[in-house]
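*Asks:* Take this structure, written in structure tokens, and hold onto it; I'll ask about it next.
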């Protein structure tokens, strides 16, 4: 069980009523709290929770419209996302209890200061390298529309500026990361057909490819609901059409692809997690059509080339700069 869940269960008497667990991990916590419901924006966690607790799980970027007498937020990595989520929960909890739980290495002590906007926070527990905080919501805020928190910026590209809309919690929020910038410089001569932007984030790669290759069908895929919304906003901001889907890894992708593009993630919260990338590489040969191409950027220290060669039988390094490499492989 997640250590944060273990800390909650040390105070289980506080959580026996109608409770909303925001950012709920995919563990057995709901089994221990029979009146609780889960809210998650991670497609993989949602799938696992639905399988075990049907009817008690909600997925998306907005707090579910279900009644709850108290709520607990599992602290996300992004401070901006935490602020949005705390605001959304506190706006529904006037005079009632809001809890925050997180790992010390994840910055729980600093994040707990955000509770001061609603009342007087107090630390209830510290164990398993985690802390649990509580506040009675004496100052209930007005819920902030998510889009009002968007960061909008332009990328100067050879075919004109690209408008990017980023949301709290989305990878490289409010800026272009170095890896994606390098891959944007190496999108020449892509095969026509169906293109997948895997781990799309704010949709920079997918939008760029759709504008540059308008006859291609473009699908953008991310595990994070906030990234899905951001990608749709980015496409709309540029007058582009594309399919944006939420799914847990490459198994959620369409088949018979002409191109897979990715700046693949390898972090989940504060933890390093390579499974989604390894699955992408291992299964690329099954979802690429013959002659289809995978082109991705990765930190130079990550040993992806042997994995790509094992899946597709070939791999070349197209470029290397600022600690990143561009890999290209073709399905024979």
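Numbering (our numbering), first residue to last: 1 to 332.
The C-beta atom is built at its ideal place from N, Cα and C for all residues, glycine as well.
Model, not experiment: these values are computed from the prediction.
Answer yes if the segment 9–23 comes into contact with the segment 33–44, meaning at least three C-beta pairs across the two stretches below 8 Å, and no otherwise.
*Replies:* Yes, since at least three Cβ pairs between the segment 33–44 and the segment 9–23 fall closer than 8 Å, the two stretches touch.
*Asks:* Quick one: residues in its chain with C-beta nearer than 8 Å to the C-beta of residue 62, no 5 flanking neighbours on either side, listed in chain order?
*Replies:* So the qualifying residues of the chain are 88, 146.
*Asks:* Quick check on residue 139: buried or exposed, where buried means 16 or more other Cβ atoms within 10 Å of its Cβ?
*Replies:* exposed
*Asks:* Mind checking which residues open and close the alpha helix (DSSP H) that includes residue 275?
*Replies:* 275–287
*Asks:* Where does residue 270 sit, in a helix, a strand or coil, going by DSSP?
*Replies:* No answer about residue 270 holds up, because its pLDDT of 44 lies below 50 and its placement is not dependable.
*Asks:* Kindly indicate the opening and closing residues of the beta strand (DSSP E) around residue 122.
*Replies:* 122–127
*Asks:* Is residue 287 closer than 8 Å to residue 310 when the C-beta atoms are compared?
*Replies:* no
*Asks:* Taking buried to mean at least 16 other C-beta atoms within 10 Å of its own C-beta, is residue 17 buried or exposed?
*Replies:* exposed
*Asks:* With a threshold of 6 Å on Cβ separation, who are the neighbours of residue 328 within its own chain once the five nearest residues in sequence on each side are excluded?
*Replies:* 295, 316, 318
*Asks:* Does DSSP put residue 303 in a helix, a strand or coil?
*Replies:* coil
*Asks:* Any contact between the segment 93–112 and the segment 49–65? By contact I mean 3 or more CB pairs, one from each, below 8 Å.
*Replies:* When Cβ pairs closer than 8 Å are counted between the two stretches, the segment 93–112 is seen not to touch the segment 49–65, the count staying below three.
*Asks:* Identify, in the order they occur along the chain, each residue of the same chain with its Cβ nearer than 8 Å to the Cβ of residue 83, setting aside the five sequence neighbours on each side.
*Replies:* 114, 168
*Asks:* If we call anything under 8 Å between Cβ atoms a contact, is residue 193 one with residue 148?
*Replies:* no
*Asks:* Residues in its own chain within less than 8 Å of residue 229 by CB, not counting five upstream and five downstream?
*Replies:* 61, 146, 167
*Asks:* Pull up the distance between the alpha-carbon of residue 324 and that of residue 182, whole angstroms please.
*Replies:* 8 Å
*Asks:* According to DSSP, is residue 7 helix, strand or coil?
*Replies:* helix
*Asks:* Going by DSSP in three states, residue 262 sits in which element: helix, strand or coil?
*Replies:* strand
*Asks:* Looking only at its own chain, which residues have a Cβ that is under 6 Å from the Cβ of residue 121, when we skip the five neighbours before and after it?
*Replies:* Here the set comprises 112, 115, 133, 135.
*Asks:* What is the DSSP secondary structure of residue 113, counted as helix, strand or coil?
*Replies:* Helix at residue 113.
*Asks:* Span of the beta strand (DSSP E) holding residue 84?
*Replies:* Here residue 84 belongs to no beta strand (DSSP E); instead the alpha helix (DSSP H) covers 79–90.
*Asks:* What do you reckon, are the CB atoms on residue 7 and residue 156 nearer than 8 Å?
*Replies:* no
*Asks:* I need the straight-line Cα distance from residue 186 to residue 175, nearest angstrom please.
*Replies:* 19 Å
*Asks:* I'd like to know whether the C-beta atoms of residue 197 and residue 235 end up nearer to each other than 8 Å.
*Replies:* In this structure, residue 235 does not lie closer than 8 Å to residue 197 by Cβ.
*Asks:* Once you ignore the five residues that flank residue 255 on each side, which residues in its own chain have a CB closer than 6 Å to its CB?
*Replies:* 287
*Asks:* In three-state terms, what does DSSP make of residue 324?
*Replies:* strand
*Asks:* What's the gap between the Cα of residue 213 and the Cα of residue 154?
*Replies:* 20 Å
*Asks:* For residue 129, count the other beta carbons within 10 Å of its own beta carbon; 16 or more makes it buried, fewer makes it exposed. Which is it?
*Replies:* exposed
*Asks:* With a Cβ-Cβ cutoff of 8 Å, do residue 223 and residue 206 count as a contact?
*Replies:* It is not a contact, given that the beta carbons lie outside the stated cut-off.
*Asks:* Can you tell me whether DSSP reads residue 14 as helix, strand or coil?
*Replies:* helix
*Asks:* What residue range does the alpha helix (DSSP H) around residue 182 cover?
*Replies:* 178–184
*Asks:* If we ignore side chains and look at the alpha-carbon of each, how far apart do residue 281 and residue 312 end up?
*Replies:* 9 Å
*Asks:* Thinking C-beta only, is residue 26 closer than 8 Å to residue 48?
*Replies:* yes
*Asks:* In chain order, what residues of the same chain have a beta carbon less than 7 Å from the beta carbon of residue 248, not counting five sequence neighbours either side?
*Replies:* Excluding residues up to 5 positions away in sequence, 43, 44, 47, 223 lie with their Cβ nearer than 7 Å to the Cβ of residue 248 in the same chain.
*Asks:* Exposed or buried, what is residue 15 when buried is set at 16 or more other beta-carbons lying within 10 Å of its beta-carbon?
*Replies:* buried
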